[in-house]
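According to the numbering used here, the sequence shown is numbered sequentially starting from 54.
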Amino acid sequence: MDYFKEIYLEYKHQVYFFVRKFISNIEDVEDVVQEVFVHLWKHSSSLENAQTLESIIFKTAQQEVANFYRKNKMLFTFSDESLIKDEADTEKTDHEFKEEQLRKIHNLLEDLPERSRSFFYLNKLDKISYSQIAKENKISKTAVEKQVNKVIRYIKANLNLF
Numbered sequence: 054m055d056y057f058k059e060i061y062l063e064y065k066h067q068v069y070f071f072v073r074k075f076i077s078n079i080e081d082v083e084d085v086v087q088e089v090f091v092h093l094w095k096h097s098s099s100l101e102n103a104q105t106l107e108s109i110i111f112k113t114a115q116q117e118v119a120n121f122y123r124k125n126k127m128l129f130t131f132s133d134e135s136l137i138k139d140e141a142d143t144e145k146t147d148h149e150f151k152e153e154q155l156r157k158i159h160n161l162l163e164d165l166p167e168r169s170r171s172f173f174y175l176n177k178l179d180k181i182s183y184s185q186i187a188k189e190n191k192i193s194k195t196a197v198e199k200q201v202n203k204v205i206r207y208i209k210a211n212l213n214l215f
């Protein structure tokens, strides 16, 4: 029991973010993560080998994501109005989540120095290369790259996803 608890505490966030890459609805992500750890609990005897532990956990997560898609594909074939309504509510929730995350990112960007923010916008939004930004600002390509990467790290470190 204690060993499984250690595994859960160590990997719950990593599994959550892994599943989140494939599923956008947060409630569905949480359900799939729960299924991953239920599966791992049932087969906890195979988790004793520390060398294969991580690969087993993420393979299980991958399988549970696939199961989620299989189940939902079957659900979406029914013409039940409540399912359609639930799907619309889910899309609204996802949209609200994305809007909130964009607002947070915008606020974080406002806290940054103008030059860093400008390089980030030019590269990520306007799709201008590091080389072109460097040439226009008479600095090295590496300096631009470092500035943009610093902004990305800052956003990741300060954006609360929970």
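For every residue, glycine included, the Cβ atom is placed at its ideal position computed from N, Cα and C.
| Check | Outcome |
| --- | --- |
| Is DSSP giving H159 helix, strand or coil here? | helix |
| Is I60 closer than 9 angstroms to V89 when the C-beta atoms are compared? | no |
| State the DSSP-derived secondary structure class of L165, mapped to helix, strand or coil. | coil |
| Please classify T105: does DSSP put it in a helix, a strand, or coil? | coil |
| Using beta-carbon positions only, say whether V68 and I76 come within less than 9 angstroms of one another. | no |
| Quick check on I181: does DSSP put it in helix, strand or coil? | coil |
| Can the beta-carbon of K194 be found closer than 9 angstroms to that of S169? | no |
| Within 10 Å of its beta-carbon, does I205 have 16 or more other beta-carbons around it, so buried, or fewer, so exposed? | exposed |
| Of all the options L106, I208, F172, K151, which has the alpha carbon lying nearest to the alpha carbon of E191? | For clarity, residue 191 is Lys in the given sequence; the question names Glu instead. Nearest of L106, I208, F172, K151 to K191, Cα basis: F172. |
| Go to N211, then tell me how far its alpha helix (DSSP H) extends in each direction, as first and last residue. | 194–211 |
| Find the nearest neighbour of D164 within the set S97, N211, K112, K124, judged by alpha-carbon distance. | N211 |
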